[in-house]
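Visitor:
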Amino acid sequence: MNAARDIVLATRNLRMAFGGLAVFDNLNFELGRGERHAIIGPNGAGKTTFVSLVTGLLTPISGDVEFNGAAITRLSPQQRVKAGIARTFQINTLFRGLNPLESMVLALCERDGRSGQAVTSVSREKPQIDEALAMLERFGLQEGALTLTDMLPYGQQRLLEVALALALKPQVLLLDEPAAGLSTQQGHELFSQLVELTAGTTILFIEHDMNLVFRYAEKVSVLAAGSMVVQDTPDNVRNHPRVREVYLGV
Numbered sequence: 001m002n003a004a005r006d007i008v009l010a011t012r013n014l015r016m017a018f019g020g021l022a023v024f025d026n027l028n029f030e031l032g033r034g035e036r037h038a039i040i041g042p043n044g045a046g047k048t049t050f051v052s053l054v055t056g057l058l059t060p061i062s063g064d065v066e067f068n069g070a071a072i073t074r075l076s077p078q079q080r081v082k083a084g085i086a087r088t089f090q091i092n093t094l095f096r097g098l099n100p101l102e103s104m105v106l107a108l109c110e111r112d113g114r115s116g117q118a119v120t121s122v123s124r125e126k127p128q129i130d131e132a133l134a135m136l137e138r139f140g141l142q143e144g145a146l147t148l149t150d151m152l153p154y155g156q157q158r159l160l161e162v163a164l165a166l167a168l169k170p171q172v173l174l175l176d177e178p179a180a181g182l183s184t185q186q187g188h189e190l191f192s193q194l195v196e197l198t199a200g201t202t203i204l205f206i207e208h209d210m211n212l213v214f215r216y217a218e219k220v221s222v223l224a225a226g227s228m229v230v231q232d233t234p235d236n237v238r239n240h241p242r243v244r245e246v247y248l249g250v
């Protein structure tokens with residue numbers, strides 16, 4: 001690793017198993033501040049498990065998760081969100097029966113310490129409403145602000161997930177397969193928007209589409225058989241012999 005990198009998120013000797021099945025054994029990972037960093041690997045490599053360990057949905061057997069140099073291994077998911085780690089997955093429950101404006105206002109109220117707001121009372125939260133409208137406009141979602149979320153095109157729903165997570169003003173945003181369910185063209189459109197809209201935010205994402213990974217990631221980590229195969233630039237990862245063998249199939 002480059003000693004000059006400003007490391008915002010790291011795992012140190014992380015071990016995880018489910019019953020007798022080992023997932024990770026002494027996994028070490030570093031995420032530089034401001035990076036767009038992709039995690040790839042074969043099915044079953046533990047990518048989603050890794051993100052769940054980072055966000056606190058799972059607790060490792062041993063080892064630590066560090067955020068800004070401090071261990072957060074025992075913090076709850078909610079405490080990690082407040083510390084500055086957001087995951088699109090965590091705000092999906094806001095979608096049910098709500099329109100984007102309602103969801104956004106509720107997310108902003110949670111961020112501002114006004115949790116527990118009922119949907120019927122969000123109309124009184126003028127500062128949050130104004131900010132919500134501005135955020136939706138930034139993401140090109142203003143026209144559907146009052147449309148039931150389930151009625152929005154799927155690509156707009158994915159953008160709304162990211163907008164809701166960014167409303168929390170995280171230092172690190174974790175995206176679990178943001179292009180899942182989208183066509184190749186839609187995936188490129190989504191990532192192109194994300195690059196512009198998330199400028200200044202550290203992004204860690206899981207993605208199966210290698211075209212998207214190698215085009216939009218600045219660093220790539222490859223997981224396989226419970227270990228980190230390589231963590232490097234997209235060009236170096238693409239040409240790494242072990243990666244070509246275990247994942248790219250060439």
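Counting with the numbering used here, you get residues 1 to 250 for the letters of the sequence shown.
C-beta atoms are modelled at their ideal positions from N, C-alpha and C, and glycine is treated no differently.
None of these values were measured; they are calculated from a predicted model.
Please work out which residues of its chain come closer than 7 Å, Cβ to Cβ, to I61, disregarding the five sequence neighbours upstream and downstream, and give them in chain order.
Guide: Apart from the 5 residues on each side of it in sequence, I61 sits with its Cβ closer than 7 Å to the Cβ of R15, M16 and A17 in its chain, given in chain order.
Visitor: Any idea what DSSP makes of Q231, helix, strand or coil?
Guide: strand
Visitor: Apart from the five residues just before and just after Q90, which ones in its own chain have a Cβ nearer than 6 Å to its Cβ?
Guide: For Q90, the predicted model reports a pLDDT of 43, less than 50, meaning its position is unreliable; a value from the coordinates is still stated below. Within the same chain, Q90 has no close Cβ partners at all.
Visitor: As a quick exercise: from R96, G113, A145 and D64, pick the residue whose alpha carbon is nearest that of Q78.
Guide: G113
Visitor: For chain B, find out if any of its Cβ atoms is closer than 8 Å to the Cβ of F24; answer yes or no.
Guide: In the displayed structure, chain B is absent; only one protein chain is listed.
Visitor: What are the residues that DSSP puts in a beta bridge with I40?
Guide: For I40, which the question treats as bridged, DSSP gives the partners V222.
Visitor: Would you check whether the ligand GDP has a heavy atom nearer than 7 Å to the C-beta of N99?
Guide: Ligands in the displayed structure: none, and consequently the ligand GDP is not present.
Visitor: Is it buried or exposed for V243, if we count other Cβ within 10 angstroms and need 16 for buried?
Guide: buried
Visitor: Alpha carbon to alpha carbon, what distance is there between N211 and F191?
Guide: 11 Å
Visitor: Which residues in the same chain as R238 place their Cβ atom closer than 7 Å to its Cβ, once the five residues preceding and following it in sequence are excluded?
Guide: F214
Visitor: Between the C-alpha atoms of D6 and E30, what's the straight-line distance to the nearest angstrom?
Guide: 10 Å
Visitor: So which of I72, G56, E102 and L173 has the shortest CA-CA distance to E35?
Guide: L173
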